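Undergrad: Quick note, the sequence shown lines up with residues 2 to 99 if you use the working numbering. Every residue, glycine too, gets a C-beta built ideally from N, C-alpha and C. Because the structure is a prediction, the values reported are computed rather than measured.
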Amino acid sequence: MDKKRINEICGFVDKGIKDKVKLLLENGVETYESCEGGTGHAYFEPTVRFHGERAEGFRALSVAMTHRLGVRELKRVWVINDGEPTGAWWEMVFIPTK
């Protein structure tokens, strides 16, 4: 993905997680949802969701750990919609910095 597109995407990202999302995008991680976490937010902790097959979560984790992003959890997620599992996608949770 080119830098212009990455900057466009990051224009819609919460300030508190923007640097993490940008770094992941620059390293080829296909993020699609993020939140800086906290009161009044969709997540309690800073979280990024991203697409990918089985190995992609570990590749993204390697990027995050190499850049010392403070990863707390890596999850493979399926949600239940209308009684059926939907997914899977990856979710990376970061240690809050505030």
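So, is E9 buried or exposed, given that buried needs 16 or more other C-beta atoms within 10 angstroms?
TA: Position 8 of the sequence shown, counting from 1, holds the residue named residue 9. Looking at its Cβ environment, which holds fewer than 16 other Cβ atoms inside 10 Å, E9 is exposed.
Undergrad: Using the Cβ count rule (16 or more neighbours within 10 Å means buried), how would you classify M66?
TA: In the sequence shown, residue 66 corresponds to position 65, counting from 1. Exposed, by the Cβ-count rule.
Undergrad: Could you check the C-alpha separation between P86 and A43 for me, to the nearest Å?
TA: Stepping through the sequence shown from its first residue, residue 86 is reached at position 85. Stepping through the sequence shown from its first residue, residue 43 is reached at position 42. One C-alpha to the other measures close to 21 Å.
Undergrad: What residues match up with V49 in a beta bridge as DSSP calls it?
TA: Position 48 of the sequence shown, counting from 1, holds the residue named residue 49. The partner list for V49 (beta bridge, DSSP) reads S35 and M93.
Undergrad: Determine whether the beta carbon atoms of E27 and F51 lie at a separation below 8 Å.
TA: Your numbering for residue 27 matches position 26 in the sequence shown. Your numbering for residue 51 matches position 50 in the sequence shown. Result no, Cβ atoms of E27 and F51 do not sit closer than 8 Å.
Undergrad: Once you ignore the five residues that flank S35 on each side, which residues in its own chain have a CB closer than 6 Å to its CB?
TA: Counting from 1 along the sequence shown, the entry for residue 35 is found at position 34. Counting only Cβ-Cβ distances below 6 Å, and skipping sequence neighbours, we find V14, I18, V22 and V49.
Undergrad: Is the distance from the Cβ of E46 to the Cβ of V94 below 8 Å?
TA: One-based indexing of the sequence shown puts residue 46 at position 45. One-based indexing of the sequence shown puts residue 94 at position 93. Yes. Within cutoff.
Undergrad: DSSP three-state label for T40, please.
TA: Here the question's residue 40 lines up with position 39 in the sequence shown. Correct three-state label for T40: coil.
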